[in-house]
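Each remark here refers to the structure printed beneath this line.
Numbering (the numbering used here), first residue to last: 33 to 127.
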């Protein structure tokens, strides 16, 4: 399993052997290598999952939303739990 970030293809870039695309990732434009995907399967408006600068999977809008929700969930801190610890020699107990 790898950690992938969803992005929407804005345009395919000229040159580079047809392997680079400009992808919108949460409002930031990124150059992404699409060479690992099947040829001629990615175009403007498509969603891809990106890992280490490479598009590793083409997904639909639902898949992109699920991937983003998973990333957001991983980034949330866990609620603090109050733990009561009794230290020997402290408090009102007998020695």
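Glycine included, every Cβ here is placed at the ideal spot set by N, Cα and C. Quick caveat, the model's predicted, so the values are computed rather than measured.
Comparing alpha carbon positions, the residue from 35, 50 and 81 closest to residue 93 is 81. Around the beta carbon of residue 119, a 10 Å sphere encloses fewer than 16 other beta carbons of the protein chains shown; the residue is thus reported as exposed. Residue 78 holds the alpha-carbon nearest to the alpha-carbon of residue 54 among 78, 97, 36 and 95.
Between residue 85 and residue 38, the gap from beta carbon to beta carbon reaches 9 Å or more. In this chain, the alpha helix (DSSP H) harbouring residue 101 covers 93-107.
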